[in-house]
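First up is the structure itself, then whatever we jot down about it.
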Amino acid sequence: RTRAVSGALDVNAFAWALETAKITTPMGEMSMRAADHQVLMPMVVSMVSKDAKFKADGTDMGFKPVKVFSADEAATPVQASCRMQRPS
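Take the sequence shown: its position 45, counted from the start at 1, is 54 in the working numbering, and no numbers get skipped.
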């Protein structure tokens, strides 16, 4: 938890806290990568299909999941050009 300083959010403490933040979602765990503050989360690859369980936009079609990738599987490497400024 981060505390307010003089009634305002301590943005430096908040930025550091992000680096260990994890939440559980219906799709799986979501976390923040410390190296570049990118969210790591599961990814669902779907196809448009009449066989989809849930239809979209009032049509007879929806998104049918084909494969679910874990956050680790879906992650891309930290870009070498990343020059994220850390709070001091």
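For every residue, glycine included, the Cβ atom is placed at its ideal position computed from N, Cα and C.
These numbers were taken from a predicted model, which means no experiment stands behind them.
> Thinking just about the alpha-carbon of each residue, which of 61, 57, 33 is nearest to the one in residue 49?
Replying inline: The sequence position of residue 49 within the sequence shown is 40, counting from 1. The shortest C-alpha separation from residue 49 is found at 33.
> Going along the chain, which residues of its own chain have a beta-carbon closer than 8 Å to the beta-carbon of residue 56, five neighbours each way excluded?
Replying inline: Residue mapping note: residue 56 aligns to position 47 of the sequence shown, counting from 1. For residue 56, where only same-chain residues beyond five positions count, the Cβ hits under 8 Å are 72, 73, 75.
> Taking the alpha-carbon positions, what's the residue 81 to residue 15 distance?
Replying inline: Here residue 81 is taken as the residue at index 72 of the sequence shown, counted from 1. Here residue 15 is taken as the residue at index 6 of the sequence shown, counted from 1. Rounded to whole angstroms, the separation of the alpha carbons of residue 15 and residue 81 is 39 Å.
>> I'd like the list of long-range same chain contacts for residue 83, defined as Cβ closer than 8 Å, with 5 residues on each side in sequence excluded.
In response: As a working mapping, residue 83 is identified with position 74 in the sequence shown. Closer than 8 Å at Cβ, skipping near neighbours: 49, 50, 51, 52.
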